[in-house]
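Contents: one structure, followed by commentary.
Residue numbers (this note's numbering): 1 to 729.
Listed below in structure tokens is the structure:
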């Protein structure tokens, strides 16, 4: 190793110009070394930060692969092969992330720690000593100048002592400063090489552990299987792509005649099919407005003897016209100077549905199909019993297909079609003695606001019992008065945003199957009766009661007592639908109410369960307290009877004493408690007053005491009888 350049410590005190020049070279070298070391430290810190980021990114990637199982893909099965494969990949990434964490820790110990220590302990120390050396040099020169200016006649002992101290300080500082600069030449090779050596050692250890962890036979086979599977999927994709391209070409060739709304003259004529029993497609429907008519494009289809329509943003179709009614007829017409217009008319309700097709062939097929459906419904041929049977079959199929929460059951019930689109309730038919619903049960679709009056009205257009404006038979005024108190006293409160779908009367007070069937009936009735309106409310579930709040003005629509809620359940297929059954105390009947929510219906059912459980415990505690209070009151009644007897006896004695002292109570006494001497006039007035009072006392001299004694005896007898009864009990 070549000899290191040094500053001679022997020349520190002399401080010659040559020593000063050599010192400036060492100082310049130290400054350049510090600047370079700071740049190296920043590079090492960047490597360290990148390693930490790589470790965090690997962990995030592993967690994201595991989250695939939690995603609700509509077309992906729950236990798919892709889910298990991603889970296996996540396990391998966790192992790699662990190795990266070990590498990050080794970087911190073997690379960053030596570099940081060298900068703080060596380079920063050189900078500090440089400042101290400059201060010591300045003080020494100042002391030397002062000593040299002293006159001959003055005593120089004090100045000489000061020069001694400053020169000693300067010499010591110079020695330490020179030695630190000399040592820096040796240390530069250490702290510049140690971080790089630590980096390489950490990488070697990381790759060694990675070889043992990653390069396993198990992982090799797994990767080979996955690669083969990916290649197989890609091959299937290529085959499917080729089939798709061929199918697209065929469909384009077959659909050439459908691109024109009105077929051109050079295309062959295709006659309409007049024997169709079902048809679907887009039509324009006319609707009246204040100024003129509006034509809207909708998808129309025939189903179950009904003409249905469905817009692009709707999930299920809505009823346009019941083709099972007598007198329905489809025919061409003219309207608003439009082409290919036809109409559906009904003789009974005088309703007119005007539609427009794209071309003449579509119009003729629609007219023929609708008239065929009308004829097949039985109003032209067939007996009345056959007509009713066909109507029930169509309604049953429509209810099962259009209900969003329908259950497959051999005892499904049909809902008759509505006669008017503006009605708010519709009856369900009688389905036999085993049905959970009452015959001709009305379905309530509207939830009345607090401004509506609570009463009963009869739906004249539909059979069945009267319909209540408020389906829950609850006065909103009473609820509003007790709203704040109920909320203040509640130990449990949760709020949900719900939409009321309907309610109907049921025979039983509990049963999950009953709730599900009620949901199916109400959803089917809404689809058939063309009911789209849903009353949105905020449901407040508390340990005191459950209420529905109007969101616009925070007033109470209806309130349910928790003891009246007998059963609740969420739909097993649609987690946004739920219902609960309530008891009508006055009528002795039950009603099931169906709602739709934005959150999981199971969450609302759990809240209702928690509230009812807390209310039940509170009720049991109240009953136990009342029982204890009753027993204490009975004990107090026995003591009260005895006290009453003693009070009556003492009252008799007090009355006798009052009568005896009555004569003396009105006479004035002197200071020595003797009678005052009265005049003749005073004595006469006093005697008259005494005679008057004695006359009042002699009216019933003995009867009060006898009556009081009798009352006391009765009280005593009553008390003894009460005590005997209590002892027997």
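Just so it is clear, CB atoms sit at the ideal spot from N, CA and C, and this is done for glycine as well.
Status (buried if at least 16 other CB within 10 Å, exposed otherwise) for residue i
i, result
"residue 526", "buried"
"residue 269", "exposed"
"residue 633", "exposed"
"residue 140", "buried"
"residue 198", "buried"
"residue 156", "exposed"
"residue 20", "exposed"
"residue 128", "exposed"
"residue 249", "exposed"
"residue 600", "exposed"
Length of the line joining the Cα atoms of residue i and residue j
i, j, result
"residue 15", "residue 51", "51 Å"
"residue 18", "residue 24", "10 Å"
"residue 412", "residue 369", "Unreliable placement is indicated for residue 412, whose pLDDT of 35 sits below 50; no coordinate value is reported for it."
"residue 196", "residue 100", "18 Å"
"residue 76", "residue 82", "9 Å"
"residue 313", "residue 299", "11 Å"
"residue 149", "residue 194", "55 Å"
"residue 511", "residue 571", "12 Å"
"residue 547", "residue 621", "24 Å"
"residue 588", "residue 566", "13 Å"
"residue 114", "residue 191", "6 Å"
"residue 33", "residue 188", "8 Å"
"residue 613", "residue 79", "37 Å"
"residue 700", "residue 636", "Reliability fails at residue 700, whose pLDDT of 42 lies under 50, so the model's placement of it is uncertain and the value that follows must be treated cautiously. Distance between the alpha carbons of residue 700 and residue 636: 36 Å."
"residue 5", "residue 130", "19 Å"
"residue 186", "residue 30", "12 Å"
"residue 333", "residue 257", "26 Å"
"residue 757", "residue 290", "No answer is possible for residue 757: the residues shown for the chain start at 1 and end at 729."
"residue 364", "residue 288", "25 Å"
"residue 339", "residue 372", "23 Å"
CA nearest to the CA of residue i, picked from the options
i, options, result
"residue 530", "167, 307 and 35", "307"
"residue 134", "631, 27 and 145", "27"
"residue 325", "176, 304 and 161", "304"
"residue 330", "366, 340, 243 and 615", "366"
"residue 441", "490, 302, 532 and 522", "522"
"residue 162", "142, 174 and 230", "142"
"residue 337", "563, 352 and 293", "293"
"residue 579", "519, 556 and 544", "519"
"residue 618", "339, 86, 562 and 372", "562"
"residue 42", "517, 21 and 111", "111"
"residue 443", "636, 494, 576 and 505", "505"
"residue 118", "151, 93, 164 and 36", "36"
"residue 328", "335, 310, 267 and 351", "351"
"residue 492", "95, 544 and 232", "544"
Residue i, enclosing alpha helix (DSSP H) - first and last residue
i, result
"residue 43", "17–66"
"residue 361", "360–374"
"residue 504", "Taken as a continuous stretch (DSSP letters only), residue 504 belongs to no alpha helix (DSSP H), being part of the beta strand (DSSP E) at 493–506."
"residue 74", "Counting along the chain, residue 74 falls outside any alpha helix (DSSP H), and DSSP gives it neither H nor E."
"residue 315", "No alpha helix (DSSP H) contains residue 315, which DSSP labels as neither H nor E."
"residue 600", "Here residue 600 belongs to no alpha helix (DSSP H), and DSSP marks it neither H nor E."
Host beta strand (DSSP E) of residue i (start-end)
i, result
"residue 536", "535–542"
"residue 296", "293–303"
"residue 287", "280–288"
"residue 583", "577–584"
"residue 329", "329–332"
"residue 112", "Taken as a continuous stretch (DSSP letters only), residue 112 belongs to no beta strand (DSSP E), as it is neither H nor E."
"residue 266", "Looking at the DSSP string, residue 266 is not in any beta strand (DSSP E), and its letter there is neither H nor E."
"residue 547", "545–549"
"residue 738", "Residue 738 lies beyond the range of the chain shown here (1 to 729); nothing can be said about it."
"residue 308", "306–310"
"residue 341", "341–345"
"residue 259", "Element bounds for residue 259: n/a, residue is neither H nor E."
"residue 569", "565–570"
"residue 120", "Here residue 120 belongs to no beta strand (DSSP E), and DSSP marks it neither H nor E."
"residue 223", "Run containing residue 223: none in the beta strand (DSSP E); it sits in the alpha helix (DSSP H), 217–254."
Residue-chain proximity (residue i, chain B), Cβ-Cβ < 8 Å
i, result
"residue 345", "Note that chain B does not occur in the displayed structure, where there is just one protein chain."
Does the region 197–207 come within contact of the region 123–141, defined as at least 3 CB pairs closer than 8 Å?
-> no
Are the region 280–292 and the region 354–366 touching, with three or more C-beta to C-beta distances below 8 Å?
-> They touch, by the three-pair rule.
Taking three-plus beta-carbon pairs below 8 Å as touching, is the region 601–621 in contact with the region 538–546?
-> yes
Hey, is the region 491–511 in contact with the region 588–604, meaning 3+ C-beta pairs nearer than 8 Å?
-> yes
Any 3 or more C-beta pairs closer than 8 Å across the region 619–637 and the region 548–557 = No, because fewer than three Cβ pairs between the region 619–637 and the region 548–557 fall closer than 8 Å, the two stretches do not touch.
Contact between the region 247–256 and the region 270–280 (3+ Cβ pairs under 8 Å) = no
Taking one C-beta from the region 83–103 and one from the region 55–75 each time, how about it: are there three or more such pairs within less than 8 Å?
-> yes
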